[in-house]
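Student:
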Amino acid sequence: MRSTQPKRNGTKPLLPKLRVGIVGTGIMGRGHAEVLAAHPDAEVTAVSRRPLGDAAVYPDHHALIASGTVDAVSVTTPDHLHADVMVAAAEAGLHILVEKPFTTTVADADRAVAAIRAAGVVAMCLFNHRWVPAYAQAKEQMALIGEPVVGYARKNDTIYVPTEMIGWADRTTCAWFLSSHDIDLVTWLYDDVAVEVFATARHGKLRGMGIDTPDAMQIQVRYSRGAVATFESAWIYPNTFPTTVDSYVTVAGEDGVIQLDRQKENIQVATDKAYTYPRNMLQRVVHGQPAGAYRDAIHHFVDCARTGAEPLISVESSRQVTAVLAAAHESARTGRPVKL
């Protein structure tokens with residue numbers, strides 16, 4: 243397992259305060275801004291296109307990057323737009339935090355990784371589930387269950403997400419949007435590399451609503467040491483479901499099994515209008531301050547960017563998630579397994 247202790251890159255000085263520019267000021271951009279504002283050694287100094295707090299506003303990421311007002315960029319654009327921003331930022335010597343998925347093509351992932359490594363900047367894809375206490379504990383307990391054999395990860399959304407929450411659902415899929423988290427997580431738990439992918443996709447409900455994207459996908463992945471895993475994603479649950487996300491992970495090894503049911507993280511609230519489970523592991527506010535895995539992951543990046551440490555999540559592992567998902571979509575299109 244990679245050490246997470248800070249390692250200084252050469253003789254670069256410690257940044258007194260990380261100045262961050264946010265590219266993409268939608269839901270995730272606002273979330274990043276709130277978390278960064280809570281870090282004592284970070285500040286949001288610039289944003290692109292739309293105002294956000296007191297930060298200077300630039301017409302696009304090129305102007306923001308060229309402004310000289312940032313040390314790092316936080317990329318929270320729609321999935322398919324990540325790569326160009328990362329390459330431009332790396333070439334300008336800026337550190338990079340990017341929302342998942344890293345990119346939506348392998349070619350884009352490769353050019354982003356190449357630019358990042360050539361520039362020597364700190365970069366991390368925000369697979370924040372690695373900071374969920376139960377998942378981090380599962381990683382520590384993997385030795386108890388022996389060699390991984392089979393895993394299953396489900397992450398399903400209500401139909402609110404592709405129809406109301408994001409306006410670009412037709413340019414991504416439930417697998418890119420949801421299974422990217424789970425593929426990173428299970429691959430990390432297995433400490434292995436995917437070698438073959440088979441997938442199926444179902445279209446119907448969303449197409450009937452004018453949104454050309456699958457309702458659901460199921461992906462089977464074989465790893466180099468023989469373990470297999472199934473990744474399920476869907477985003478057509480009814481909006482009456484008590485949480486926006488239904489998430490579950492299980493990993494069976496030769497000597498035991500680990501199960502993680504995200505529904506059990508919650509308090510339960512019943513009113514005359516609904517029965518709900520307010521989520522608390524990823525994002526919550528405790529005594530007026532952001533808390534949870536989402537906050538912890540972003541703060542980890544800030545600390546790494548300031549010290550030159552290598553983040554827990556490497557850009558190479560994030561590129562591998564992209565490769566698995568690209569293969570899954572090719573397999574769903576052709577009906578055949580795809581080797582990596």
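Count along the sequence shown from 1, add 242, and you get the number used in our numbering. Glycine included, C-beta positions come from ideal geometry on N, C-alpha and C. As the structure is a prediction and not an experimental result, all values here were calculated from the model.
(1) Whose C-beta lies closer than 7 Å to the C-beta of Ala297 among residues of the same chain, with five residues either side of it excluded?
(2) Taking the straight line between their C-alpha atoms, what separation do you get for Gly393 and Val491?
(3) With H, G and I counted as helix, E and B as strand and the rest as coil, what does DSSP make of Thr304?
(4) Check whether the segment 476 to 493 and the segment 445 to 462 touch, using three or more Cβ-Cβ pairs below 8 Å as the test.
(5) Check Gln247 in the structure and name its three-state DSSP category.
(6) Quick check on the DSSP output: the alpha helix (DSSP H) that includes His541 runs from which residue to which?
(7) To the nearest angstrom, how far is the alpha carbon of Thr319 from that of Val340?
(8) Please classify Val580 as buried or exposed, where buried requires at least 16 neighbouring CB atoms within 10 angstroms.
(9) Can you tell which of Asp326, Tyr377, Ala380, Asn370 has its C-alpha closest to the C-alpha of Arg355?
(10) For Arg372, count the other beta carbons within 10 Å of its own beta carbon; 16 or more makes it buried, fewer makes it exposed. Which is it?
(11) For Asp457, name the three-state secondary structure that DSSP assigns.
(12) With a threshold of 7 Å on Cβ separation, who are the neighbours of Ala334 within its own chain once the five nearest residues in sequence on each side are excluded?
(13) So, using beta-carbon positions, are Ala365 and Met328 closer together than 9 Å?
(14) As a quick exercise: from Ala417, Ser309, Thr267, Ala395, pick the residue whose alpha carbon is nearest that of Pro293.
(15) What do you get for Lys506, buried or exposed, if any count of 16 or more other CB atoms within 10 angstroms of its CB means buried?
(16) Looking at Leu386 and Gly295, is the spacing between their C-beta atoms short of 9 Å?
(17) Per DSSP, what kind of secondary structure is His337 in: helix, strand or coil?
(18) Going by alpha carbons, who is nearest to Thr564 out of Thr429, Glu496, Ala361, Thr486?
(19) How close, in whole Å, do the beta carbons of Gly409 and Gly495 come, if the pair is a contact with beta carbons under 8 Å?
(20) Using C-beta distances below 6 Å, list every residue in its chain close to Ala263, excluding the 5 sequence neighbours before and after it, in chain order.
(21) According to the Cβ coordinates, are Leu420 and Val487 closer than 9 Å?
(22) Here's the rule I'm using: 16 or more other beta-carbon atoms within 10 Å means buried, otherwise exposed. How should Arg375 be labelled?
(23) Kindly indicate which three-state DSSP category Asp352 falls into: helix, strand or coil?
(24) With DSSP collapsed to three states, give me the class of Asp503.
(25) Going by the DSSP bridge assignment, what does Glu285 pair with across the sheet?
(26) Return the residue from the list Gly450, Arg449, Val437, Lys447 that minimises the CA-CA distance to Val463.
(27) Please determine, among Pro532, Pro484, Asn508, the residue with the shortest C-alpha to C-alpha distance to Ala516.
(28) Since Thr347 and Thr414 should fall inside the 8 Å C-beta cutoff, what is the C-beta to C-beta distance between them, to a whole number of angstroms?
(29) If you follow the alpha helix (DSSP H) that Thr442 is part of, which residue opens it and which one closes it?
(30) Within 10 angstroms of its Cβ, does Gly550 collect 16 or more other Cβ (buried), or is it exposed?
(31) Does the segment 376 to 383 come within contact of the segment 436 to 450, defined as at least 3 CB pairs closer than 8 Å?
(32) Can you tell me which of Pro282, Ala275, Gly271, Val265 puts its alpha carbon nearest to the alpha carbon of Asp545?
(33) Taking DSSP's pairing of strands, which residues face Cys367 in a bridge?
(34) Relative to the C-alpha of Phe588, which candidate in Asp302, Arg261, Leu567 has its C-alpha closest?
(35) Can you find the residues in the same chain that come closer than 6 Å, C-beta to C-beta, to Arg396, ignoring five residues on each side of it along the sequence?
Tutor: This is what the structure gives:
(1) Start at 1 with the first residue of the sequence shown, and residue 297 comes out as number 55. If you ignore the 5 residues before and after Ala297, its C-beta comes within less than 7 Å of the C-beta of Val286, Thr287, Ala288, Val289, all in its own chain and listed in chain order.
(2) One-based indexing of the sequence shown puts residue 393 at position 151. One-based indexing of the sequence shown puts residue 491 at position 249. Straight-line Cα distance between these residues: approximately 7 Å.
(3) One-based indexing of the sequence shown puts residue 304 at position 62. A small fix is needed here, since residue 304 is His in this sequence, not Thr. His304: helix per DSSP, three-state reduction.
(4) yes
(5) Sequence index remark: in the sequence shown, residue 247 carries index 5 (1-based). The predicted position of Gln247 is uncertain, since its pLDDT is 35 and thus under 50; no value can be drawn from it.
(6) Counting from 1 along the sequence shown, the entry for residue 541 is found at position 299. From DSSP, the alpha helix (DSSP H) with His541 extends over 535 to 549.
(7) In the sequence shown, the residue the question calls residue 319 occupies position 77. In the sequence shown, the residue the question calls residue 340 occupies position 98. Using only the alpha carbons, I get a separation of about 9 Å.
(8) Position 338 of the sequence shown, counted from the start, is the residue given in the question as residue 580. With 16 or more other Cβ atoms within 10 Å, it is buried.
(9) Within the sequence shown, residue 355 is the residue found at index 113, counting from 1. A small correction: the amino acid at residue 355 is Val; Arg does not occupy that position in the sequence shown. Of the listed residues, the one whose Cα sits closest to Val355 is Asp326.
(10) Translated into the one-based positions of the sequence shown, residue 372 becomes position 130. It counts as buried.
(11) The count along the sequence shown starts at 1 and reaches residue 457 at position 215. Reduced to three states, the DSSP call for Asp457 is coil.
(12) Residue mapping note: residue 334 aligns to position 92 of the sequence shown, counting from 1. Contacts found: Ile307.
(13) What you label residue 365 is simply residue 123 of the sequence shown in a count that begins at 1. What you label residue 328 is simply residue 86 of the sequence shown in a count that begins at 1. It is a contact, given that the beta carbons lie within the stated cut-off.
(14) To locate residue 293, count along the sequence shown from 1; it is residue 51. When each option's Cα is compared against that of Pro293, the closest is Thr267.
(15) Counting from 1 along the sequence shown, the entry for residue 506 is found at position 264. Result: exposed.
(16) Walking along the sequence shown from the start, residue 295 turns up at place 53. Walking along the sequence shown from the start, residue 386 turns up at place 144. In this structure, Leu386 does not lie closer than 9 Å to Gly295 by Cβ.
(17) Indexing the sequence shown from 1 puts residue 337 at position 95. Strand.
(18) In the sequence shown, counting from the first residue as 1, residue 564 sits at position 322. Per the Cα distances, Thr429.
(19) One-based indexing of the sequence shown puts residue 409 at position 167. One-based indexing of the sequence shown puts residue 495 at position 253. With 8 Å as the limit, Gly409 and Gly495 do not qualify as a contact, their Cβ atoms being about 42 Å apart.
(20) Position 21 of the sequence shown, counted from the start, is the residue given in the question as residue 263. Contrary to the premise, residue 263 reads as Gly rather than Ala in this sequence. Taken in chain order, the residues that qualify are Ala288, Leu306, Val312, Val315.
(21) By one-based count along the sequence shown, residue 420 stands at place 178. By one-based count along the sequence shown, residue 487 stands at place 245. Yes, the Cβ-Cβ distance between Leu420 and Val487 is below 9 Å.
(22) Against the sequence shown, residue 375 aligns to sequence position 133. As written in the sequence, residue 375 is Pro, which differs from the Arg given in the question. Exposed, by the Cβ-count rule.
(23) For the purposes of this step, residue 352 is identified with residue 110 of the sequence shown, where counting begins at 1. Asp352 falls in the helix class under three-state DSSP.
(24) Sequence index remark: in the sequence shown, residue 503 carries index 261 (1-based). If DSSP states are grouped into helix, strand and coil, Asp503 belongs with the strands.
(25) Mapped onto the sequence shown, residue 285 falls at position 43. Arg261, per the DSSP bridge assignment.
(26) On the sequence shown, position 221 is the one that residue 463 refers to. Comparing Cα positions, the closest option is Val437.
(27) Translated into positions along the sequence shown, residue 516 becomes position 274. Among Pro532, Pro484, Asn508, the Cα nearest to that of Ala516 is on Pro484.
(28) The count along the sequence shown starts at 1 and reaches residue 347 at position 105. The count along the sequence shown starts at 1 and reaches residue 414 at position 172. 12 Å between Cβ atoms; not a contact.
(29) Here residue 442 is taken as the residue at index 200 of the sequence shown, counted from 1. Taken as a continuous stretch (DSSP letters only), Thr442 belongs to no alpha helix (DSSP H), being part of the beta strand (DSSP E) at 436 to 444.
(30) Numbered from its first residue, the sequence shown carries residue 550 at position 308. With 16 or more Cβ atoms within 10 Å of its Cβ, Gly550 is classed as buried.
(31) no
(32) For the purposes of this step, residue 545 is identified with residue 303 of the sequence shown, where counting begins at 1. That would be Pro282, whose Cα lies nearest to the Cα of Asp545.
(33) Locating residue 367 in the sequence shown gives position 125, counting from the first residue. Cys367 pairs with Val340.
(34) No answer is possible for residue 588: it lies beyond the span of the chain, which begins at 243 and ends at 582.
(35) To locate residue 396, count along the sequence shown from 1; it is residue 154. Cβ within range, chain order: Glu474, Tyr490.
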